[in-house]
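Each remark here refers to the structure printed beneath this line.
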Ligand code: SF4
Ligand code: SF4
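Residue numbers (our numbering): 36 to 527.
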């Protein structure tokens, strides 16, 4: 195996030589094929040249933080539970010490709405920055899977050469090592992903001691590992250009003021190669070196204008800035801008569309915050119990069977008592009082409410209960009791 060569060690030092002598990709022909497709429909694999410029360094820092958060969260405990865990088996989720249940409908609705309008805002204001800077696809592919490939196979030219070389012992060894390393990383990622649903400790212990009982999670790990290896090892840019719905959404959410990566045509054109720059030839700043194209993970030639294949990685900016610096010309021939700015106007972040999204975000996240902060310490539900709607007792009273379900929403045990406030003359029998509910647990008890027959009006009467806990929780609740027609509704 040849010693590893980082992509940039050789290439970044000599961007112009590389650009002149070794163009990697053919740009799409005029028939407007995808850049990753050959004219005969075959897939062209991208081996982008990495330029460790300003934006690449920012993206790498964000990628490392995001990966650390993803891998680390299942190991951080808050309030006796993993910091974030979606405990499907027990139908609850733990989020930084708070426990949520499927009954937290408003919270879930606010969260979903908040996420949707935030995506709209980000896409409308910042274009595909999400894709380039924080999408898991970009984070893991560009900063973990590709570096492993570069470590084992060398830079993009060596990768391409190896791909095209006939199979040999060396090629088999390198390819096996690469796919094995990718699979190991994918296994770590998928195990972490499943641990968000099972807890890391139980998962690892369970699989080690009784794998058969953990067949479900094991199957999930295998499936996710396969999907990750397929995606980051082979599918790659195709995910962004043909599969991801966010890219399609981008087209309807962007406008003239949306930030995008663009080539400055006025300054750059006409594009003339260095070797063709002779006295009398009119030439713009673009030396047609194709470093920007060779750097692009989707193979896009940004000089042809805004295209849906551009996922906003800013690799072309870093590449072109290197070229401009080497040419002693101002950087920014490719830069962040907006369509309006390109036409000579001023870039506007705040416009009716972004302000509207911001207002909706404030409503959604504000509602979510209020709901979480004012959430009761317990959730109490009263539902009808037994098979009969009601039972007439020998003494002339009417009994309604009910079930009281108490969800303890704090990390301490609570003792819950229930009192009957209305109607007058009614009695309440609780199977267990106080109802002791363990931290973040759910307890259901049977109760019977007995009401004088005279209290019923048209076969029903509303009973009112007071539920209290030893922690100060207090809530009045109403429940419709059923009974025979012919009562007086409580009137004398
Ligand atoms: S835009 Fe910049 S990097 Fe791209 S071909 Fe022109 S000079 Fe080279
Ligand atoms: S065109 Fe530039 S910003 Fe767009 S994906 Fe390619 S390298 Fe990234």
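Just so it is clear, CB atoms sit at the ideal spot from N, CA and C, and this is done for glycine as well.
Check	Outcome
Closer than 6 Å: residue 295 CB and nearest ligand 1 heavy atom	no
Chain-order list of residues whose beta-carbon lies under 8 Å from that of residue 448 (same chain, five-residue window excluded)	471, 472, 473 and 474
Proximity of residue 450 and residue 429 at Cβ, strictly below 7 Å	no
Distance, residue 308 Cα to residue 215 Cα	42 Å
Beta-carbon contacts of residue 519 that lie in its chain and below 8 Å, excluding the five residues immediately before and after	425, 427, 433, 488, 491 and 494
Pair within 7 Å by beta-carbon distance, residue 483 and residue 436	yes
Proximity test, residue 336 beta-carbon vs ligand 1 heavy atom, cut-off 6 Å	no
Option in 500, 420, 397 and 118 with minimal Cα separation from residue 233	118
Contacting residues, own chain, Cβ-Cβ under 7 Å from residue 130 (five flanking each side not counted)	119
Sub-7 Å separation of residue 504 and residue 446 beta-carbons	no
Secondary structure of residue 495, DSSP reduced to three states	strand
Simplified DSSP assignment, three categories, for residue 65	Interpretation of residue 65 is limited by its pLDDT of 48, a score under 50 that renders its predicted location unreliable; the figure taken from the coordinates is listed afterwards. Coil, per DSSP.
Sequence-distant residues of the same chain with beta carbon closer than 6 Å to residue 462, five excluded per side	485
Near ligand 2: residue 172 beta-carbon under 6 Å from a heavy atom	no
For residue 80, the nearest candidate out of 72, 384 and 107 (CA to CA)	72
Length of the line joining the Cα atoms of residue 388 and residue 302	31 Å
Closer than 7 Å to chain D by CB, residue 242	Protein chains in the displayed structure number just one, and chain D is not present.
Closest residue to residue 281 among 270, 170 and 326 (Cα-Cα distance)	170
From 380, 284 and 298, residue whose alpha carbon lies closest to that of residue 162	284
Exposure of residue 245, with buried meaning 16 or more beta-carbon neighbours within 10 Å	exposed
Span separating the alpha-carbon of residue 410 from that of residue 455	24 Å
Element boundaries [alpha helix (DSSP H), containing residue 153]	140-161
Residue 109 to residue 250 span [Cα, whole Å]	20 Å
Three or more C-beta pairs below 8 Å linking the region 397-409 and the region 81-100	no
Beta-carbon gap between residue 222 and residue 260 smaller than 7 Å	yes
Closer than 6 Å: residue 358 CB and nearest ligand 1 heavy atom	yes
Per-residue burial, residue 271 [other beta carbons within 10 Å of its own, 16 or more giving buried]	buried
In chain order, each beta strand (DSSP E) run of at least 3 residues that lies wholly inside the region 268-346	295-298
Any non-hydrogen atom of ligand 2 within 6 Å of residue 268 CB	no
Contact the region 377-388 vs the region 305-323: 3+ CB pairs below 8 Å	no
Three-state class that DSSP yields for residue 47 in the structure shown	Note that residue 47 scores 42 on pLDDT, short of 50, meaning its location in the model is unreliable; the coordinates nonetheless yield the value given after this. The answer is coil: DSSP assigns residue 47 none of H, G, I, E or B.
Range covered by the beta strand (DSSP E) that runs through residue 226	Residue 226 -> not in any beta strand (DSSP E); alpha helix (DSSP H) instead, spanning 204-233.
Beta-carbon proximity of residue 184 to residue 197, cut-off 7 Å	no
heavy atom of ligand 1 below 6 Å from residue 325 C-beta	yes
Residue from 351, 138 and 133 with nearest C-alpha to residue 126	138
Bridge-paired residues (DSSP) for residue 93	For residue 93, which the question treats as bridged, DSSP gives no partner whatsoever.
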